[in-house]
Every structure is written in structure tokens, then in C-alpha cells.
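Those sequence lines, one after another, are chains A and B. Under the working numbering, the first residue of the first sequence is numbered 1, with each subsequent residue one higher. Under the working numbering, the first residue of the second sequence is numbered 1, with each subsequent residue one higher. We put the CB at the ideal spot given by N, CA and C, even for glycine. In this text the structure is predicted, and so the values were computed from the model without any measurement.
Number of protein chains: 2
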Amino acid sequence: MAKSLTSRKEDYSKWYNELVVKAGLAENSAVRGSMVIKPYGFAIWEKMQAQLDKMFKETGHQNAYFPLFVPKSLFEAEEKNAEGFAKEVAVVTHYRLKTDPEDKSKLIVDPEAKLEEELVVRPTSEAIIWNTYKGWIQSYRDLPILVNQWANVVRWEMRTRLFLRTAEFLWQEGHTAHATKEEALAEAHQMNRIYAQFAREFMAMPVVEGSKTESERFAGAEETLCIEALMQDGKALQAGTSHFLGQNFAKAFDVKFATQDGGLEYVWATSWGVSTRLMGALIMTHSDDKGLVLPPKLAPIQVVIVPIYKGQEQLAQISEVANKLAAELRQKGLSVKYDDRDTQKPGWKFAQYELQGVPVRIAIGPKDLEKGTVELARRDTLTKEFVQQDEVVEKANALMEEIQDNLFKRSQQFREEHTTEVNSFEEFKEVLEEKGGFLSAHWDGTAETEAKIQEETKATIRCIPFDRKEEEGVCVYSGKKSTGRVLFAKAY
Amino acid sequence: MAKSLTSRKEDYSKWYNELVVKAGLAENSAVRGSMVIKPYGFAIWEKMQAQLDKMFKETGHQNAYFPLFVPKSLFEAEEKNAEGFAKEVAVVTHYRLKTDPEDKSKLIVDPEAKLEEELVVRPTSEAIIWNTYKGWIQSYRDLPILVNQWANVVRWEMRTRLFLRTAEFLWQEGHTAHATKEEALAEAHQMNRIYAQFAREFMAMPVVEGSKTESERFAGAEETLCIEALMQDGKALQAGTSHFLGQNFAKAFDVKFATQDGGLEYVWATSWGVSTRLMGALIMTHSDDKGLVLPPKLAPIQVVIVPIYKGQEQLAQISEVANKLAAELRQKGLSVKYDDRDTQKPGWKFAQYELQGVPVRIAIGPKDLEKGTVELARRDTLTKEFVQQDEVVEKANALMEEIQDNLFKRSQQFREEHTTEVNSFEEFKEVLEEKGGFLSAHWDGTAETEAKIQEETKATIRCIPFDRKEEEGVCVYSGKKSTGRVLFAKAY
């Protein structure tokens, strides 16, 4: 179980895959590109879900559920969206299996159970939802509609990686309908801000908020806002997107509303989503060569207590102290595990909880009983200290905030150190190869230049940051005029 | 919106369908047999989920997530299970669409993107999960595995009804693995008891706990336990099932474990589930001709406050009282809505909240301001009374428990009145036709008799109740010996 990982330096990608599996987060399944999310990984995702769901509800959103399948004729209605996803959709064509006449132990697709119209497994739900909204919206009184759905979606990816890119993944997708363009835009911005706030305050992950270039937009969107994070290996990761969809879907599905002054207009739309990909972002923001490092706010176990003992009598004495501490810590609202299994040794347990990223570890041995102390270890800094038993509850509780803060500061510092202003294409390529990270560079605003830079360097424009300075400059590639810097990076 | 419903007496089935749609619970979608669960309906389901999830976790279960798709070769591995579901599975055969060369605005399935092996959309997850457990289980130390998953599943039903029978539905499915038969059996019984407890304490719905006859068992199970409820029209509804799977799946997927004394044995299994079908059960247990009646513990809005006013000044005065009351009620942990919309009249709002089953309504008019009173109305009894403003918080809070209890007692009484001991086949048919409900009758224990009774009457054996008296008798159909009564009914 607790065997050591490949180091990040040696092979970052291998380290990541090993960590995900060994820490019990997820594993590949028998279905190409689909993963199994294991209980420990799912417990982290549940914490993310609970917090995001709270933030959505606090801003007036309600959950609902729409069908998994999208009839092909609806799927193709919004042309750009259909075009964007057609190449990666799983298609249901039949609704029955039957016994193979040549081998009674096998089943074959029953050719007589062919669907008249094929069903697409949703890669995203705009089509089925806007077809539904058509029935919900007649007048301005029916607006806004602020709905979110937690669901599974399928995109047939050729190269998959646990959490980062899987054929099936879990996500939430918000789909809102508004009477005005301004209101829809404000909604899209609000949700992008909520994602940024969640990333910072709960994942301890700094993100850049910005908008995508036209070529990087969601298929069918007029504008795509995003949060972009930087991973430890210098690659960027798109962590969430929020789309202003204009009236594209309202037009495709003919959704109009009677305005207050008696007119008839198409409805304005947004959609926004984050997925189990956030798990990958969380892992690659904080973890180290010993395993996962979790921010306390998302850790399923925040404090683990490990007894170090010989014989049942000593265990009983230690357990008395441990159970008292555990009860007091739980009283403070902390999630505590007391691991008194006798099937594993303390050293094995230490390594295991380091691998699983438990923020604080308390060890209690016979000497601690004499001295009234415990050993308190932090996962983020890997430091240890002896603490008086009557101080440990306060101390461990305070560490939750301290570790949460430290992780954020550490990753923010990393990002700052790995965001480089570059002013020529030579410099661009050099920094990209040798240092990685975000390159802040002038760009002439054309899709052509963007494509050429990607072709030559594999770097893409991650976003046009909202907080960029407006400054005149010249495009690093074309030498043409630019009005501000954008962020380039290689990305997941 | 608030138009009156077809009465239950007139057409129960029509009443149900209208209620589900008009109360904003769910509606049919563009996908054959799949429903859209609307925000208000989903909010009730979320309350059910939260409570069940808590009960599962309190009994040591963890959540995880397994793939939506099951490769055909895995699906067919457990023969009985495969046979049981083969006729109703949606099958993915292709992973790409392409532009129709004959009409560029259309998409067609790309014949070059045919899967080598078809993927079944899970109708239940035993196959994919036991194939995964094979990798998780080596030794007795790895047992038990107590895992649950919240997921969508698809069963291609020919005749569908909102919540009761839909092609896609939401559910939870627990899948556990054990070292001994006794432990697995105890788990299956524990989970059936938890379902019964949830039904009684939260849904205010009495259920009979029992086991299914062999012909009614889950495909692949050695024993199926269940909870059976009785709807207002005298038909039974299977509300939850818990299966003891023996070693069937362990054998099909070759899952063995090293025992403590050095042997090698197949693992024992259970699975158990409840679904969005519970929504249908909830509706048909309590609701009336005015609409939904919700037990307070599952009501998204527990108290609604409606102002009755003329002009803005009066509204302001009433709002002051209403907002104060709302705050105090929320302080008590109640979910409160103050509906001061000026787009709808009070009468419309009253009808709407009756339709949506809000347990308690408080109305405040100008006379109440003078007298220091409010009008307090109960949804379950449709009674109203005037209450002093300084007593209304206590009163409304107490009503939550009172209404919850009353609903349970009422439905329990209904069930008792509609459970009839019958001692001949004539009596059986007569009671079934004229009164409906559960028929408690002696049965000879053979599948043949069971099938014949079903053929002649459409009644099935709902369960062999755990609490039945062991008494000798003669089968109502065959006249052969019987050792106890079983419950027959027509069922959803």
C-alpha cells in the first residue's frame, strides 16, 4: 500500500497517475476512458459539491434534472454546439440485447430493436434543456430561470487521464435564462467569480479570472469566461468556465418571451460548469513526493490519531487519551479518525496518511503518557512538534486555518514566480521551454497569430485576464499593434 | 397555473399525472420515457437523498462512483442478471456523429466510429462493480466493502409513468462485499430496515417489510427483501429492495479472498436500492384533490406566509409583521417563504401552495394587524384558525410534528382498513375487485399457483411479511397445505 511514489522531478505525469491510484482516489475501469472514483476520492468530491451547491443556492439557483439522452434532431439544432461536440459523442442506437443463436451464453444486439432516432449521450445539456425551457417560458414573469444540475456527461476522448480527461465525468452545469443581455452577462460573470472564490477559499488554489479568445470559446457561446490555474509542472489547467450564450439557443429552439411592454423577444442564456477535473487541479496544486496534500476545508479526515504501543495494556492507556482528544476535536467541528488497527504498524500508518494528505497527524506513545504530551505533525510542511495534551485541541484547530492559508500562499507564490512577462518570440520560446508557467505577452488579437504560436510552441492563450493593464505594445509574434497582454501557457 | 385537478375518484391515474405536472414536480421530456425533474420536485428528492445518505453513512457506508457504461462481455457474465435485464438495455454502438453528406445541416452516425464491443448503459451496476471489486479484494482484511453510489440508470420500459416507471431514473445502489454468508444476510436485512425506517419517519408512509417469492426476486439474487406500501387507490407499490446475492457475482467475476485461516473463498454480496419512484409513492400516499400533501420533514417550504393587502402602505405594515415572523420561524430551523409578489392575488397563492403541499400557511390581512392575529392553515386537514401573533411561532413549529404524525397515522389507518384476510378464492377475487388493498391469504408456496393467481386476477404476491404469524392453513387457490399467509395485491 504505502510504497513510495515516483518523484515529481523524475516523471511528473507518472507521479500523478501513481498518486491518484495509490492514495485511493480513482482508478481506470474496464470501460475505455472511464474511471472508477473510489470512496476516498469521492469523499473529497462530495466536499467540493456541498460547498459549490451552497454557493449556487445562496445566489438563488435551484437544482433540477434533465435526461441523459438527447435525440439527434435536438442535438443538431444549435449548429455550432453540434459541430463542436459531434466528433466525441457516444450514440445509443438499440434498446435490447438478445441471446446469441450461435452461443447461448452470449448476448448480441437485437437488430429488431433499432431506434427510429438515435440518442446522443449528453456531452453537455444545452440542447435538451433549451428544448425544455421552451415550455417553461412564455412571459417576462417566467424569467429569470436559474437552474443547476449535477450530472454525468460523456465525451469520447481519445487520450484520457484520471480526473483530467475522462470519457465519462461528473460535473454541475448551470443553465440560466434571462430577459436581457445585461442580466445574462452579469450572471455569467457572477458565476465565474463564484468559481474563483471557491478555488481560492476552499481549494487554496489561486486562479486567474479572464475571458477566452474566440477560438477557445465553448461551442455555441458568444463569450466564455474562465478561471485558469497553474500546476506544479508549469502547465496551466482550465478549472471552470462560464458562458454567455447570447440568444443562440433561444433561436435554435425558438424560445421567445412576451416583454413587459408587449413585445416578443428571444431569451438570453448562460451556462457554466465545473467538473471532477477539479480533483486533478487540487492534486497538482499542492501534493508532493510523499503523496497528496489536502487543504483542510476539503479533507475528508482532518486529523488522524495514531497510537504507538506495545501490548494491549499500553494501547488501553493511550486509547483513553486518544478518545478524549478525538471527542474534543469533534466538538470543534473537526473530522477525526482514531486509527487503532493492530494489523498495521505506526510507520505504515504514518506513510499511508501522508499519502492520503491528512492535514494533521497526532501520534501518542508511552513517553507521551508520562509527559502529558503528543506529537503533532503537519502534512503541508512535514514538520513535527511535541505539544501538551491540554493544548493540542486548540493547536490542531488553529492549524486548520494556518495550513489552509499556507497552502494558498505557497501556490500563489509559485504562480507569481512562474508568470513571466516576455517581449519577443525568442524570449517566449525560451521561457516556455526552460521555465514554463504563464507567459504574459502582447498579442495582435488575431486567430491567425494565435494558431501559429500554438503550432510552433504548443502554447495556447489561456485567457485575457480581467485585471490586465491596458497598455500599448507589439505582438510577440507578428509585431503588430496590441492593446494589452494575454496569458499563454501549455495546458492540460 | 392553479386550475383544479381531476378528482381522485373520477380518475386516479389522471389525477396523479396532472398533479405531478401542475405542482411543478416533473414532466415528460422529448426523450421517450425520460422525465425532466423540475426544481420543486427535485428539492423534495434532495431532502430524501440527504436523509438516506446520512443513514447510510451512520451505518458505515461510503459513496463512490462507477462507470455509466458496461462492456457487453461484463454485462453477460452473471447469467441470470444478464437474462433479467437484456430485454431493456440501451446500447451504445458508436462514438461519433458526422455531417450528413446529403444534408449539411444534419448529422448522421459515423459508420467508421463503430465500437468493437458494444456498451450497455447500466440498468443496475452489479456487473461493473464486481468486476472492479475483483481488484480491491485479496484478503479478509479487505472486507467488508460497504459502498453506495448515487446514480442514473436506464431501463427501456415500454409503458412509462412520471416517477413510477421511467426509462431513465435516479437512484442509489449499495453494493457490499462480505467474508461470510451471515454477515451479508445481516447487511441485507439492516438496509431493508433502514428503508422501512426512512419510509415511516420521513415519508410518513407505513410499509410492510418482507421477502419476495422466488419469482419476484431480483435477477441474480438468492433472496430479495423489500418494503411494500399501499397507495390510496388500493394498489401496492414496491418502495425499496435489498438483495442477498449469495456468491453469484463473486463466482461470475472470480472474486475470492484469502480467509483468516489460510483458505481461499468466494466473497458474499448484497445490493440494495431506492429510486425516484419514492416520489410517486410519497404523492400517492398523502395527496388529495387539491394537490400535493407533504410531510413536513420532506417539504422544501414548510411554512408560507401570504399577505392580504390593498396598496403599498398596507403591504409595508403587513411585511413588517411577516418578516419578523419569518425570521423567528427560521430561527427554529423551519424553511419559510414570504410570498409578497404583487403579480398574483392571495386566492391564487392559496390554491398554488395547496397544490404544492406546503404544510402550513400563514395569512396576514389588515384586520390581523388590528387584532394582533394571523390566520394559520394546515394543509393536511385543510383547517384554519386565528392565532395570536406572539403564539404563532410556537404553534407553527409544533404543527410540524403534529402534521408529520397525523399523516403517518392516517395512512396507517388506511392501510389497516385495506388489508383483508381472505380464505377462499371467491373471497379473494371479490375483495380484490371491490375493495382492493392487501389481501392476506394462504398460499401453497409454489410458483405455479402464484402464476395462475396472477393470470386470473392480476394480483401478485407483494411479500412474505417478516411479522406474519406462522399458522397452518390451506392455499386459497389450490387447497394445498400452507404454513402462513402472504400479501397479495395489484401493484404499480
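Less than 9 Å separating the beta-carbons of residue i and residue j?
i: residue 280 (chain A); j: residue 492 (chain A); result: yes
i: residue 301 (chain B); j: residue 362 (chain B); result: no
i: residue 178 (chain B); j: residue 270 (chain B); result: yes
i: residue 286 (chain B); j: residue 357 (chain B); result: yes
i: residue 447 (chain A); j: residue 139 (chain A); result: no
i: residue 75 (chain B); j: residue 89 (chain B); result: yes
i: residue 70 (chain A); j: residue 118 (chain B); result: no
i: residue 314 (chain A); j: residue 359 (chain A); result: no
i: residue 113 (chain A); j: residue 96 (chain A); result: yes
i: residue 211 (chain B); j: residue 464 (chain B); result: yes
Where does residue i sit, in a helix, a strand or coil, going by DSSP?
i: residue 277 (chain A); result: helix
i: residue 308 (chain A); result: coil
i: residue 41 (chain B); result: helix
i: residue 35 (chain B); result: strand
i: residue 1 (chain B); result: Its pLDDT being 44, under 50, residue 1 (chain B) is placed unreliably by the model, and nothing is read from it.
i: residue 493 (chain B); result: No answer is possible for residue 493 (chain B): it lies beyond the span of chain B, which begins at 1 and ends at 492.
i: residue 484 (chain B); result: strand
i: residue 65 (chain A); result: strand
i: residue 60 (chain A); result: coil
i: residue 94 (chain A); result: strand
i: residue 500 (chain B); result: Any answer about residue 500 (chain B) is impossible in this case: the structure gives chain B only from 1 up to 492.
Express the C-alpha separation of residue j and residue i in angstroms, rounding to a whole number.
i: residue 246 (chain A); j: residue 223 (chain A); result: 8 Å
i: residue 16 (chain A); j: residue 283 (chain A); result: 8 Å
i: residue 470 (chain A); j: residue 442 (chain A); result: 11 Å
i: residue 459 (chain A); j: residue 58 (chain A); result: 38 Å
i: residue 273 (chain B); j: residue 128 (chain B); result: 16 Å
i: residue 137 (chain B); j: residue 221 (chain B); result: 21 Å
i: residue 208 (chain B); j: residue 196 (chain B); result: 8 Å
i: residue 345 (chain B); j: residue 64 (chain A); result: 27 Å
i: residue 6 (chain A); j: residue 351 (chain A); result: 15 Å
i: residue 335 (chain B); j: residue 122 (chain B); result: 37 Å
i: residue 457 (chain B); j: residue 435 (chain B); result: 14 Å
i: residue 478 (chain B); j: residue 449 (chain B); result: 7 Å
i: residue 206 (chain B); j: residue 408 (chain B); result: 7 Å
i: residue 133 (chain B); j: residue 404 (chain B); result: 41 Å
i: residue 263 (chain A); j: residue 256 (chain A); result: 10 Å
i: residue 153 (chain A); j: residue 79 (chain B); result: 29 Å
i: residue 395 (chain A); j: residue 342 (chain A); result: 28 Å
i: residue 2 (chain B); j: residue 332 (chain B); result: Low local confidence applies: a pLDDT of 47 at residue 2 (chain B) is under 50, so the model's placement there is unreliable, with the coordinate-based value given in what follows. Their backbone Cα atoms lie some 30 Å apart in a straight line.
i: residue 268 (chain A); j: residue 297 (chain B); result: 37 Å
i: residue 339 (chain A); j: residue 60 (chain B); result: 15 Å
Below 9 Å on C-beta distance, what does residue i contact in chain A?
i: residue 156 (chain B); result: 95, 96 and 113
i: residue 397 (chain B); result: Per Cβ cutoff of 9 Å: no residues; residue 397 (chain B) is ~23 Å from chain A at best.
Which chain B residues are close to residue i, counting only those with a beta carbon under 8 Å from its beta carbon?
i: residue 42 (chain A); result: 62, 63, 64 and 65
i: residue 502 (chain A); result: In the structure as shown, chain A starts at 1 and stops at 492, and residue 502 (chain A) therefore has no counterpart that could be examined.
i: residue 423 (chain A); result: The contacting residues do not exist; residue 423 (chain A) stays about 43 Å from chain B at best.
For residue i, go through chain A and note every residue whose CB falls closer than 7 Å to its CB, in chain order.
i: residue 87 (chain B); result: 96
i: residue 106 (chain B); result: 76
i: residue 179 (chain B); result: Simply none; closest approach about 14 Å.
For a contact defined as C-beta to C-beta under 9 Å, what are the partners of residue i on chain B?
i: residue 255 (chain A); result: Neighbours of residue 255 (chain A) on chain B: none; closest Cβ ~14 Å, over 9 Å.
i: residue 170 (chain A); result: 65
i: residue 82 (chain A); result: 97 and 107
Under 7 Å between beta-carbons, which chain B residues line up against residue i? List them in chain order, please.
i: residue 118 (chain A); result: 109
Give me the chain A residues within the contact set of residue i, using Cβ-Cβ distance strictly less than 8 Å, ordered along the chain.
i: residue 58 (chain B); result: In chain order: nothing, as chain A lies at least about 14 Å away.
i: residue 46 (chain B); result: 63
i: residue 91 (chain B); result: 92, 93, 94, 95, 96, 97 and 109
i: residue 304 (chain B); result: Residues of chain A passing the Cβ test: none, with the nearest at roughly 16 Å.
*Would you list, in chain order, the members of the stretch 64-76 of chain A that have their beta-carbon closer than 8 Å to a beta-carbon of chain B?*
64, 65, 66, 67, 68, 69, 70, 71, 72, 74, 75 and 76
*Where the stretch 17-39 of chain A meets chain B: residues whose CB sits under 8 Å from a CB there*: 27, 29, 30, 31, 34, 35, 36, 37, 38 and 39
*For the stretch 340-359 of chain A, enumerate the residues whose C-beta is nearer than 7 Å to any C-beta of chain B, in chain order.*
343
*Could you name the residues of the stretch 126-147 of chain B whose beta carbon sits closer than 8 Å to any beta carbon of chain A, in the order they occur along the chain?*
128, 131, 132, 135, 141 and 147
*asked:* Along the stretch 312-337 of chain A, where does the CB come closer than 7 Å to a CB of chain B? Name the residues.
replied: none
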